[in-house]
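Worksheet: one structure, shown below.
What follows is the structure, encoded as structure tokens:
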């Protein structure tokens with residue numbers, strides 16, 4: 012490929028709407044172009060990268076006996092009604108009607124389609140286990156697309172579905188897939204990806220893991236223990252705190268706290284520690300806007316996902332209206348309006364002599380003691396674990412929080428879909444059973460962007476050899492010099508004949524201009540032909556990551572490149 | 012791959028909804044499964060076929076300097092408003108709103124997206140020519156999906172777009188693409204595909220060709236001349252007829268023709284030849300339901316596409332209502348209500364003494380002579396050419412009509428999209444110009460089905476080696492016999508080690524059951540290990556198309572297969 016005909020704009024200025032580097036660099040380098048909010052077209056360099064990623068994924072999926080299939084992008088709503096998700100999923104599921112007014116959806120995930128494809132076939136135990144997967148376009152109508160290919164509405168995803176006759180068999184396969192995922196990320200150049208326990212969310216099921224690239228640009232928060240191997244998405248990390256019980260239980264007392272709407276203001280006013288307070292955070296159910304109040308220890312925050320799981324329905328931060336039974340800024344668990352659902356977080360267990368809202372304008376209670384004042388209470392885990400918090404596995408104060416990009420996930424789904432969609436098989440005793448499912452996803456474009464996020468400098472991406480758009484970037488500096496041009500042309504031909512993926516820049520532009528384009532394309536090896544090098548009968552070979560910089564005799568360039576490429580593929 | 016774990020049902024009975032063989036065989040063989048009207052999932056064998064077809068297409072597109080990109084499936088309506096097609100295309104363009112109520116469409120073709128991707132970049136003549144292409148899912152909300160993968164709503168398509176600074180340059184590239192397409196179809200195993208001139212339809216532009224596989228199962232009608240190289244879709248074939256002028260022009264006479272609603276009835280009643288009549292066919296504009304009457308010679312039919320092009324808008328067969336100005340069964344060109352648009356076909360030119368409707372209940376005219384009775388008339392070409400009709404190229408009565416499946420198309424688009432979407436470049440004189448476009452499509456699934464339609468027998472598809480799901484089907488007949496099983500297992504391993512794509516059937520089923528499954532999978536080479544063969548230290552090697560049937564010593568099987576595969580790839 013000659014660079015002068017490569018379609019796409021490359022430019023220096025960082026676009027103002029790019030908040031993370033991979034987004035800015037993929038726009039600046041002519042990899043992607045925005046078509047609508049969260050919807051992109053890809054130019055050739057990005058398409059070459061995603062094709063290589065797809066091929067790596069394919070090979071690893073085939074290696075664990077995956078069968079590549081293809082599901083539709085557009086599906087009938089009836090299929091999603093069977094599983095119940097047509098109702099339970101919010102507006103991220105794009106619903107519409109076709110020309111015959113039949114309700115349809117755009118596939119954002121394909122559990123329903125997978126069950127539909129195999130439920131007639133897999134009617135006997137001897138057909139199990141099996142795994143089917145596809146690499147296909149998906150659409151999720153995200154409310155807040157952001158960060159280039161990291162969070163989009165339309166994306167290409169590898170989604171795999173395995174079917175089993177026992178939990179043990181699923182777990183065995185889950186482990187194989189776990190290893191395959193590690194190989195995929197390593198082969199794509201980011202072996203540093205870690206697995207964390209995750210929330211299963213709308214997928215259902217119990218055990219699940221996310222593969223996280225830890226980076227400040229990530230939008231997920233990960234709790235990592237420095238003393239043991241505990242790692243979890245904050246959404247799936249239990250929050251454990253220690254409360255010291257006061258020797259003397261104070262009396263419950265209503266105190267005038269005029270115009271003090273936050274727990275911090277009240278604690279300051281009363282000169283009490285914020286840990287000795289009970290904070291209210293209010294949500295509403297999406298379905299009917301009824302209220303849920305979560306109470307956590309004053310120094311902690313509610314994690315919305317954990318609360319959603321605790322109450323078992325979709326929720327959103329509340330708007331408190333007159334007559335709803337809540338007095339904003341003064342909400343407490345004692346004497347709460349009975350229409351309100353109350354969730355009490357485990358962080359309040361054993362805490363004594365707390366300050367909390369009085370459920371009365373301008374009043375708080377002091378001396379609140381849950382066991383005494385509320386009677387028996389069911390504690391739930393809805394608070395977010397804090398940096399420096401207690402590790403739920405080893406019990407030490409050793410948790411640190413990091414940011415991460417989720418590049419893949421694996422779920423044990425159980426029988427959620429097979430049961431709801433009536434998929435059964437006959438076991439060896441002739442008994443009808445529901446198969447057990449696992450599902451396994453990787454976002455292709457997000458993975459490409461994540462690699463860029465992990466490996467770039469100020470001038471552009473530094474692509475690993477395995478997924479780079481080309482292996483070699485040949486620069487003919489001073490192509491107006493006939494001898495240099497002839498030498499570079501010959502090298503270009505020889506490289507192509509040797510099966511090297513090469514992009515050739517023979518434009519009549521300055522070396523600086525040429526190299527800054529090359530930096531943006533991030534090709535791992537660069538070969539520079541120039542009059543000066545030619546005088547020494549050499550070319551320069553430099554690597555994009557600056558670890559290699561050598562002069563090589565022209566006659567040995569192709570062989571040297573072949574060896575370097577092979578080394579860099581490992 | 013072991014057959015016993017291959018997901019998908021294979022069965023004998025032809026499904027009742029399958030009207031063509033490729034549909035029946037791909038359903039019966041476990042290739043595809045219907046998800047909704049015109050929407051399918053693909054099982055592994057079909058996905059393997061389409062992947063191979065995609066790779067062949069890719070290689071040929073890259074060979075003519077194509078750059079693979081990717082456009083979105085979901086696009087904002089604004090992009091289609093720019094080109095004017097948001098308005099001009101009917102309900103096959105699926106329109107919907109996203110969560111923010113923004114109007115969106117599902118891509119059925121990507122001219123708009125292609126212009127969007129390159130219009131900022133390609134601002135100077137020296138960036139031309141270039142071609143970009145993608146292989147991507149599309150959705151066209153067909154009114155009448157049918158015939159399995161032949162006419163679906165969701166499909167995978169390779170669509171390519173080239174951009175040029177002159178018509179000559181476009182034509183030169185068009186020829187290269189024309190050749191590339193011939194190579195693609197030949198490599199996919201259907202070199203007999205022919206090109207025909209086609210109607211450009213909603214794509215715009217002038218010159219266009221379709222690649223047709225001639226088969227009775229096709230839904231297109233092709234006019235082919237047996238005397239010269241004229242070949243055209245009936246939609247794009249001029250209809251030429253000869254009319255003999257009568258020596259004496261009769262007088263225009265209103266004749267009572269009670270209850271005679273068809274031109275045939277009237278001609279029989281008046282004892283005149285049907286060629287001496289003028290038939291009315293009534294349509295309505297989609298936009299406002301206003302009427303269009305097309306008059307053709309009585310022995311001919313109107314071609315709706317040709318009429319649509321002649322009137323320049325979308326139309327549908329009319330419903331004649333009271334007071335519309337038309338009297339069904341008695342419609343004629345003389346004294347026609349002025350609200351009605353009249354189109355007179357060229358087949359009436361020079362015809363004399365015609366019978367036609369009287370625009371009065373139960374009356375027809377005889378002795379109608381257009382030139383005398385209507386004055387100056389603009390003749391248009393809206394009639395369909397007939398079998399045995401006159402070739403528009405060589406003038407002989409040598410046209411035969413065939414049925415065909417359109418497996419690809421190429422269009423010269425001109426500046427339709429670049430002008431409407433404001434894409435310009437500066438030419439070498441610094442003048443602003445609109446680039447000229449070409450576009451080039453191939454439906455991947457339809458191509459797979461077409462190959463099956465061309466090559467199958469009663470028992471299943473006969474896949475060409477180049478796109479077959481596997482190269483070799485290894486059958487272990489009597490796998491309960493330990494020695495046979497050991498021999499087959501070893502062959503399976505050796506084939507895999509030799510890089511042969513092999514599917515291995517070692518189920519404990521009868522040879523008949525095994526072979527009928529193998530027939531349905533249509534793998535080109537079959538290797539049969541059995542106790543009887545083993546006694547002779549041989550395997551049978553037979554080809555699916557029955558041209559090869561030989562016994563080969565076990566030690567030579569793999570080498571023999573490698574040679575056969577290589578030969579069959581040519």
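Chains as they are written, first to last, in the numbering used here: chain A, 12 to 581; chain C, 12 to 581.
Every residue, glycine too, gets a C-beta built ideally from N, C-alpha and C.
This one's a predicted model, so the numbers in the text were calculated from it and none came from an experiment.
Please tell me whether residue i and residue j are closer than 8 Å, where the distance is taken between their beta carbons.
i	j	result
residue 136 of chain C	residue 438 of chain C	yes
residue 395 of chain A	residue 314 of chain A	yes
residue 517 of chain C	residue 550 of chain C	no
residue 339 of chain A	residue 326 of chain A	no
residue 341 of chain A	residue 386 of chain A	no
residue 404 of chain C	residue 250 of chain C	no
residue 511 of chain C	residue 572 of chain C	yes
residue 286 of chain A	residue 310 of chain A	yes
residue 362 of chain A	residue 201 of chain A	no
Count the other C-beta atoms from every protein chain shown that fall within 10 angstroms of the C-beta of residue i, then say buried if there are 16 or more, exposed otherwise.
i	result
residue 434 of chain A	buried
residue 494 of chain A	exposed
residue 223 of chain C	buried
residue 166 of chain A	buried
residue 392 of chain A	buried
residue 78 of chain A	buried
residue 352 of chain C	exposed
residue 530 of chain C	buried
residue 574 of chain A	exposed
residue 28 of chain A	exposed
residue 544 of chain A	buried
residue 307 of chain A	buried
residue 548 of chain C	exposed
Excluding the 5 residues preceding and the 5 following residue i in the sequence, name in chain order all residues of the same chain whose CB lies nearer than 8 Å to its CB.
i	result
residue 467 of chain A	32, 33, 36, 473 and 533
residue 502 of chain A	485, 538, 540, 550, 565, 568 and 569
residue 108 of chain A	114 and 115
residue 68 of chain C	146, 169, 195, 453 and 455
residue 24 of chain A	39
residue 371 of chain C	265, 338 and 341
Tell me the residue span of the alpha helix (DSSP H) that contains residue i.
i	result
residue 428 of chain A	427-431
residue 267 of chain A	Not the alpha helix (DSSP H): residue 267 of chain A falls in the beta strand (DSSP E), residues 264-267.
residue 442 of chain A	Run containing residue 442 of chain A: none; DSSP gives neither H nor E here.
residue 88 of chain A	88-94
residue 456 of chain A	455-465
residue 171 of chain C	Looking at the DSSP string, residue 171 of chain C is not in any alpha helix (DSSP H); the run it does join, the beta strand (DSSP E), is 165-175.
residue 277 of chain C	274-281
residue 60 of chain C	55-74
residue 271 of chain A	Residue 271 of chain A -> no alpha helix (DSSP H), and no H or E assigned at all.
Could you tell me the boundaries of the beta strand (DSSP E) in which residue i lies?
i	result
residue 408 of chain A	Premise fails: residue 408 of chain A is in no beta strand (DSSP E) and is neither H nor E.
residue 328 of chain C	326-328
Which residues in the same chain as residue i place their Cβ atom closer than 7 Å to its Cβ, once the five residues preceding and following it in sequence are excluded?
i	result
residue 102 of chain C	152
residue 458 of chain A	64, 199 and 418
residue 378 of chain A	261, 262, 263, 264 and 364
residue 205 of chain A	223, 225 and 242
residue 489 of chain C	495, 541 and 542
For residue i, which residues from the same chain have a beta carbon less than 6 Å from its beta carbon, with the 5 sequence-adjacent residues on both sides left out?
i	result
residue 120 of chain C	none
residue 214 of chain C	Any reading at residue 214 of chain C must be qualified, since the residue scores a pLDDT of 49, below 50, and its modelled position is unreliable; the value itself is stated next. Same-chain partners within the cutoff: 422.
residue 305 of chain A	292, 313, 318, 354 and 393
Using a Cβ cut-off of 8 Å, pull out every chain B residue sitting near residue i, in sequence order please.
i	result
residue 87 of chain A	Within the model displayed, chain B is absent; protein chains A and C are what it includes.
May I ask you to list the residues that DSSP assigns as paired with residue i?
i	result
residue 234 of chain A	A/243 and A/412
residue 296 of chain C	C/326
residue 250 of chain A	In DSSP, residue 250 of chain A forms no bridge with anything.
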